[in-house]
Amino acid sequence: MVLDYLASGLVFSSIIVLGSIGLSLIYSIANFANFAHGDTMTVGAYAALVTFGATGGLGAGLLGLPLGFFVALVVGIVAAAVVAVLTEKVVYDGMDAGSIELLITSIGIAFVYRAIIQMGFGADFTRYDVQTLRPIEALLPYGIRVTQHDVAIVVTAFVLVGGLHTLLQYSDLGRKMRAMADNPDLARVSGIRTDRVKLWTWIIGAGLAGSGGVFLGLYNQLSPRMGFNLLLLIFAAVILGGIGSVYGAMLGGFLIGMINQLTPVLGQLGELLPLVPDTFAIPIGIEYANAIAFVIMVAVLLVRPRGIAGEGA
Amino acid sequence: MSALSDPRGYWADLTTPERGVVAAITAFAVLLVLGLLTGALAPAYFLYLVGLAGMYALLSFGLNSQWGFTGLINFSVAAFFGLGAYGTALMSASSSPIAGQFLPIFGLVAALVLAAILAVAIGIPTLRLRADYLAIASLGLAEVVRLIVLNEREVTNGSAGVRGIPTFFEGWPVLETLPQQLPGIFLQPLPGTRLVFEEPFWSALLNVVVVVTFVAGSYAILRRAHRSPWGRVLRTIRGDEDLARALGKHTYRYKMQSFVLGSIIMALAGVFYAHLNLYVSPSDLDPVTTFYVWVAVILGGSGSNRGALFGGIVIVTIREGTRFLNSFEWIPVDVAPLRILLIGVLIVVLMRYRPQGILPPQRELIWPSVVDEAPDQPTSGVREARTGGKDD
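If you read the protein sequences in the order shown, they are chains A and B. So in my numbering, spot 66 of the first sequence is number 66, and the numbers just go up one at a time. So the mapping is simple: my numbering equals the position in the second sequence, first residue as 1, plus 313.
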């Protein structure tokens, strides 16, 4: 049982991590809490939905998904990035405003994204037109019920996160981004074109969010509210990891995703732990899985506002 | 200078945005009266709209005293609103799973006390945080409150909501049965239209009396509070918290007072809503309510109570107006998202082009006597004053 929770935790964590990296990057480089980030994920998911309708069962399957799905994934990433860059150019860029004003503006942006998607696709839940798979047989004896789709989510997330790591550590752009996250003014006077770096931050952050949205749609369903509903969990992950730290966001996303999926364990602690009676349990049901993450978030803000990996406040 | 006794002087005294607002309100009122006279707008429904506008005005007052005056980014408006509604509903409703059947006036007291307790509970951890952290944390805690209301079925009836809420005046002498006793009146202001004033109209009228009382009371209290030294400290905190601290003010305490005051006013709106709608459900705690109220405050002008009043009216127009659009068959798109779209576009346009809102606070924060008694020209020049009147 616990293995199963851990496995689904890993899948859910992958989605949260993809969302939280982008949010953390934008928080540190554009310097505001982007409340439209969740809806950027929704944009990616729906762009992939449209593309997948066209590319359909293109090509052979990989991990239970036709190649057309990976085309749709790329389109979802690109669409999210394009939408975010356009928003940055049209709205945020010209604003002479502090982080609070930008935060409030981003809520408006979030509503605009959501409303447009709802106008085009309706408020109902939809799914990608892929076959629902049975859990992988080989893992069933261990009590783990994951499908090939879940494996595809985790593997692709690892590839994307690995790519980002390489970019940040070994490329020129990555060094500039880290420099700018550390100290924007210093980066600027040392000759880095900060506006260009900022634009790339939006592209990378929103692109990752778009991929997270596509996977969220594959993992659950698509609805115009899917991203907004996940937004607070992503904030919790970013804050837990430490705002501005990409690796902190990865760790925070992993922890929040795990905690979220491991909530049912709280009710079975007695059976799982040695040395405590079998009836022992923490009476918090799965309906409070999100609430636990929010309380952790507030606690982290209070006790250690720079999070696990963040440097100085 | 009143608008009635001296309309021309009143008009000349207004700023350009104020003139625009006065003109828009007049035009809107004319439109409403026309709608009433032609029978397009039922009188009872019109009064319901007035009630809703009052409710949003109350919510905006509450948020205004937190954000507009003290600069607290509170994204848990919906939680306090819902708590107020649930507080009075659980006390007074016939289907309440816990107490039930108390008089609504006890429900009012219980709801406000609950809201104050929740405000302190949310305020203790969050008010020390940086402004943008406060936004995220308060949104998260509001969601926690919503989840509790949704899932604690033994206490709140869960997703089924609470039905059978009495009207606000139940158990009061005279007022309780007044709508039934008043006669039905039928008017025919224009040929072909027929206006009906019966029991639903009279009870809606009573609701409007309640909300107008609430709004007027809150307005008077807030106006007095914000002109007082206490209000000046709050505005200093908003402008520069370090400055307020350097002046020896215990800013955390002031922020907490402002937060609790605003939250109580939001809960008051919730109490009114419960007795207007006679049914509450967890969907009333949806975070979108929070952002409606934010739009109202930003639109009206942060820190301005009459702006908040104006914003509340605009929000109800958007909310109910888009519902009205729904009846047109020829509109190709689904109208439900139009409301969210309008709200979103309003936020972006306001923050981009007019962050101070339409009616930013001007004279209303200053005692009128200070303005009226101030001389137009200094009685003596600066140099004169410095040199003691001798000019060489």
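Ideal placement from N, C-alpha and C gives every residue a C-beta, glycine not left out.
According to DSSP, simplified to helix, strand and coil, what is residue i?
i                         : result
glycine 64 of chain A     : coil
valine 593 of chain B     : strand
threonine 126 of chain A  : strand
isoleucine 234 of chain A : helix
isoleucine 411 of chain B : coil
isoleucine 16 of chain A  : helix
isoleucine 498 of chain B : strand
leucine 3 of chain A      : helix
aspartate 705 of chain B  : Interpretation of aspartate 705 of chain B is limited by its pLDDT of 47, a score under 50 that renders its predicted location unreliable; the figure taken from the coordinates is listed afterwards. Looking at aspartate 705 of chain B - three-state DSSP - the assignment turns out to be coil, as it is neither helix nor strand.
valine 475 of chain B     : strand
leucine 442 of chain B    : coil
leucine 273 of chain A    : coil
leucine 133 of chain A    : coil
alanine 313 of chain A    : With a pLDDT of 39 at alanine 313 of chain A, under the threshold of 50, the modelled position of this residue cannot be trusted, and the question is left open.
Which residues mark the beginning and the end of the alpha helix (DSSP H) in which residue i is found?
i                            : result
asparagine 260 of chain A    : 246-262
threonine 469 of chain B     : 466-469
glutamine 320 of chain A     : For residue 320 of chain A there is no data in the structure shown, the boundaries of chain A being 1 and 313.
aspartate 39 of chain A      : 37-55
alanine 321 of chain B       : Going by the sequence as given, residue 321 of chain B is arginine instead of alanine. Where arginine 321 of chain B is concerned, the enclosing alpha helix (DSSP H) stretches over 320-325.
glycine 561 of chain B       : It is not in any alpha helix (DSSP H) - glycine 561 of chain B carries neither H nor E in the DSSP assignment.
glutamate 101 of chain A     : 99-121
glutamate 511 of chain B     : Where glutamate 511 of chain B is concerned, there is no enclosing alpha helix (DSSP H), given that its DSSP letter is neither H nor E.
phenylalanine 359 of chain B : 356-376
alanine 429 of chain B       : 417-439
glutamate 137 of chain A     : Premise fails: glutamate 137 of chain A is in no alpha helix (DSSP H) and is neither H nor E.
tryptophan 543 of chain B    : 542-552
valine 298 of chain A        : 289-303
proline 674 of chain B       : Counting along the chain, proline 674 of chain B falls outside any alpha helix (DSSP H), and DSSP gives it neither H nor E.
proline 262 of chain B       : Examination of residue 262 of chain B is not possible in this model, given that chain B is present from 314 through 705 alone.
methionine 404 of chain B    : 390-405
Should residue i be flagged as near chain A, meaning a C-beta pair shorter than 8 Å?
i                         : result
glycine 702 of chain B    : Confidence is the limiting factor: at glycine 702 of chain B the pLDDT is only 49, short of 50, which leaves the residue's position unreliable, though a coordinate-based value still follows. Glycine 702 of chain B does not count as touching chain A.
aspartate 705 of chain B  : Confidence at aspartate 705 of chain B is low in this model, with a pLDDT of 47, below 50, so the placement of that residue is unreliable and no value is reported for it.
arginine 665 of chain B   : yes
valine 661 of chain B     : yes
threonine 635 of chain B  : no
aspartate 445 of chain B  : yes
isoleucine 657 of chain B : For the record, residue 657 of chain B in the displayed sequence is glycine; it is not isoleucine. Chain A contact via Cβ: present.
leucine 425 of chain B    : no
proline 438 of chain B    : yes
glycine 453 of chain B    : yes
asparagine 449 of chain B : The amino acid at residue 449 of chain B is misidentified as asparagine; the sequence shows isoleucine. Yes, its Cβ sits closer than 8 Å to a Cβ of chain A.
leucine 654 of chain B    : yes
leucine 442 of chain B    : yes
proline 673 of chain B    : no
proline 708 of chain B    : With chain B running from 314 to 705 in the structure shown, residue 708 of chain B is simply not present.
proline 542 of chain B    : no
alanine 366 of chain B    : no
alanine 649 of chain B    : yes
Return no unless some Cβ of chain B is closer than 8 Å to the Cβ of residue i.
i                            : result
arginine 314 of chain A      : Because chain A here runs from 1 to 313, residue 314 of chain A falls outside it and cannot be looked at.
glycine 9 of chain A         : no
aspartate 80 of chain A      : First, the amino acid is wrong: residue 80 of chain A is alanine here, not aspartate. Chain B, which has no Cβ nearer than 8 Å to the Cβ of alanine 80 of chain A, makes this no.
threonine 40 of chain A      : no
phenylalanine 125 of chain A : no
methionine 250 of chain A    : no
threonine 105 of chain A     : yes
alanine 72 of chain A        : no
glutamine 118 of chain A     : yes
alanine 291 of chain A       : yes
glycine 108 of chain A       : yes
methionine 226 of chain A    : no
tyrosine 46 of chain A       : no
tyrosine 5 of chain A        : no
Return the residues of the stretch 456-478 of chain B that lie within a Cβ-Cβ distance of less than 8 Å from chain A, sorted by chain order.
-> Taking 8 Å as the cut-off between beta carbons, the residues of the stretch 456-478 of chain B near chain A are Glu456, Val457, Leu460, Ile461, Leu463 and Asn464, in sequence order.
What residues in the stretch 13-38 of chain A have a beta carbon less than 8 Å from any beta carbon of chain B?
-> Taking a C-beta cut-off of 8 Å against chain B, the contacting residues of the stretch 13-38 of chain A are Phe32 and Ala33, listed in chain order.
Report yes or no: do the stretch 447-463 of chain B and the stretch 553-573 of chain B share at least 3 C-beta pairs separated by less than 8 Å?
-> No: the two stretches stay apart, fewer than three of their Cβ pairs being nearer than 8 Å.
Assess, as a yes-or-no matter, whether the stretch 527-542 of chain B is touched by the stretch 578-598 of chain B under the definition of 3 or more beta carbon pairs within less than 8 Å.
-> Enough Cβ pairs lie closer than 8 Å, so yes.
Quick check: the stretch 246-253 of chain A against the stretch 1-21 of chain A, are there 3 or more CB pairs under 8 Å?
-> With the cut-off at 8 Å, the stretch 246-253 of chain A and the stretch 1-21 of chain A touch.
Residues from the stretch 590-607 of chain B in contact with chain A, defined by Cβ distance under 9 Å | Within the stretch 590-607 of chain B, the qualifying residues are Pro600, Val601, Phe604 and Trp607.
Cβ-based contacts, 7 Å cut-off: residues of the stretch 370-401 of chain B near chain A | Considering only beta carbons, the part of the stretch 370-401 of chain B lying closer than 7 Å to chain A consists of Ile386, in chain order.
Within the chosen definition, does the stretch 174-193 of chain A reach the stretch 81-100 of chain A through at least 3 CB pairs nearer than 8 Å?
-> Too few Cβ pairs lie closer than 8 Å, so no.
If contact means a Cβ-Cβ distance below 8 Å, which residues of the stretch 80-100 of chain A contact chain B?
-> Hits within the stretch, in order: Val91, Gly94, Met95, Ala97, Ser99 and Ile100.
State whether the stretch 414-430 of chain B contacts the stretch 599-617 of chain B, with contact taken as three or more CB pairs (one from each stretch) at a distance under 8 Å.
-> At 8 Å Cβ cutoff, the stretches do not touch.
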